[in-house]
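Colleague: For reference, the structure I am asking about is given below.
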């Protein structure tokens, strides 16, 4: 009935939801394991969400939406009254994990983590929920094309990554694309026009021998502050960007909240 392309958090959650609604669901993941980014998120602890109470004041919701270059209305919509919205709110997210037996804790800065401080708790929760719902998860599969017929059904062609076996075809009534920007070519083939890309949650590559370099991989600093000064260019000068937040140094790259440029 439904094919989900992508076995990350959003793809697996969509697969679980569809299966619990009575659909037969196949989830195709190109990697050798699902939920890889969940495992490394939050420094390996998985920052599940932010405190739902943060977004109760309207001004807070509008400030959040204003920080995104697109999708502001979609963000605002998820905070609407449940009877007036089909969106999944932060409160819904909290209740979902609690119902699945995951104990969560709220930290001083508003971030919510599993009590175990282990991203594996969230991974096990999602995989267990998918298994119980009857989701068929197929790893190492590369979706090559998706086409729609006049009757509204979809035909998906995929093959095993790195293999030379025959291509497989599957027909379904609905498709969910959940591979981030990797879905753009597939979406365009179906007549959709993706929005222009903007940098988000990117990392800065560190030069060898610099003040911060790969020798500090794995070091986590609290209350770090980052100032980014952009080089001059013929175009109008860009503003200086500053951000304060926990900082994590990763191999060759520096990432985490403090490294997100704002402006």
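In the working numbering, the protein residues as written are 13 to 275.
The beta carbon of each residue, even a glycine, is placed where N, CA and C say it ideally should be.
As the structure is a computational prediction, the values presented were derived from the model and not from experiment.
State the start and end residues of the unbroken beta strand (DSSP E) segment that holds residue 283.
Modeller: The structure shown does not extend to residue 283, since the chain is modelled only from 13 to 275, so the question has no answer here.
Colleague: Classify residue 27: buried if its beta carbon has 16 or more other beta carbons within 10 angstroms, exposed otherwise.
Modeller: Walking along the chain shown from the start, residue 27 turns up at place 15. Buried, since its Cβ has 16 or more Cβ neighbours within 10 Å.
Colleague: Is the Cβ-Cβ distance between residue 59 and residue 144 less than 8 Å?
Modeller: The sequence position of residue 59 within the chain shown is 47, counting from 1. The sequence position of residue 144 within the chain shown is 132, counting from 1. No. Outside cutoff.
Colleague: How big is the Cα-Cα spacing for residue 51 and residue 199?
Modeller: Your numbering for residue 51 matches position 39 in the chain shown. Your numbering for residue 199 matches position 187 in the chain shown. The straight-line gap from Cα to Cα measures roughly 27 Å.
Colleague: From the DSSP output, in three-state form, read off residue 196 for me.
Modeller: Locating residue 196 in the chain shown gives position 184, counting from the first residue. In this structure, residue 196 counts as helix in the three-state DSSP scheme.
Colleague: In or out: residue 209 buried (at least 16 other Cβ within 10 Å) or exposed?
Modeller: Here the question's residue 209 lines up with position 197 in the chain shown. Exposed, since its Cβ has fewer than 16 Cβ neighbours within 10 Å.
Colleague: Name, in chain order, the residues that DSSP records as bridge partners for residue 160.
Modeller: Along the chain shown, one-based indexing puts residue 160 at 148. Residue 160 pairs with 166.
Colleague: Whole angstroms are fine: how far does the CA of residue 181 sit from the CA of residue 305?
Modeller: The structure shown does not extend to residue 305, since the chain is modelled only from 13 to 275, so the question has no answer here.
Colleague: Could you tell me the alpha carbon to alpha carbon distance between residue 83 and residue 126, rounded to whole angstroms?
Modeller: As a first step, residue 83 is located in the chain shown; it is residue number 71 there, counting from the start. As a first step, residue 126 is located in the chain shown; it is residue number 114 there, counting from the start. Approximately 28 Å, taken between the alpha carbons.
Colleague: Taking only three categories from DSSP, how would you classify residue 60?
Modeller: The residue given as residue 60 occupies position 48 in the chain shown. Residue 60 falls in the coil class under three-state DSSP.
Colleague: Near residue 24, which residues of its chain fall below 7 Å by C-beta distance, leaving aside the five closest residues on each side in sequence?
Modeller: Along the chain shown, one-based indexing puts residue 24 at 12. Cβ within range, chain order: 39, 46, 47, 138, 142.
Colleague: Could you tell me whether the Cβ of residue 234 comes closer than 8 Å to any Cβ of chain B?
Modeller: In the structure shown, chain B does not exist; there is a single protein chain.
Colleague: Can you tell me whether residue 91 is buried or exposed, with buried defined as 16 or more other CB within 10 angstroms of its CB?
Modeller: Along the chain shown, read from residue 1 onward, the residue named residue 91 stands at position 79. Buried is the call here.
Colleague: Since I believe residue 223 is in contact with residue 17 (beta carbons under 8 Å), could you give me their beta-carbon distance rounded to a whole number of angstroms?
Modeller: Counting from one through the chain shown, the residue named residue 17 turns up at place 5. Counting from one through the chain shown, the residue named residue 223 turns up at place 211. So it is not a contact: roughly 42 Å between Cβ atoms.
Colleague: What does DSSP give as the partner residues of residue 85 in its beta bridges?
Modeller: Counting from 1 along the chain shown, the entry for residue 85 is found at position 73. BP columns for residue 85 are empty, so no partner.
Colleague: By Cβ distance below 6 Å, which residues in the same chain neighbour residue 254 in space, the five residues on each side in sequence not counted?
Modeller: For the purposes of this step, residue 254 is taken as the residue at position 242 of the chain shown. Low confidence applies to residue 254: its pLDDT is 49, below 50, so where it sits in the model is not reliable, and the reading given next is rough at best. Result list for residue 254: 239, in chain order.
Colleague: Look at the alpha carbon of residue 129 and the alpha carbon of residue 135, and state the distance between them as a whole number of angstroms.
Modeller: Here the question's residue 129 lines up with position 117 in the chain shown. Here the question's residue 135 lines up with position 123 in the chain shown. Approximately 12 Å between the Cα atoms of the pair.
Colleague: Have a look at 63, 88, 149 and flag the residue whose alpha-carbon is nearest the alpha-carbon of residue 75.
Modeller: To locate residue 75, count along the chain shown from 1; it is residue 63. Among 63, 88, 149, the Cα nearest to that of residue 75 belongs to 88.
Colleague: Looking at the unbroken beta strand (DSSP E) that takes in residue 219, where does it start and where does it end?
Modeller: Taking the chain shown and counting its residues from 1, one reaches residue 219 at position 207. From DSSP, residue 219 is part of no beta strand (DSSP E); its letter is neither H nor E.
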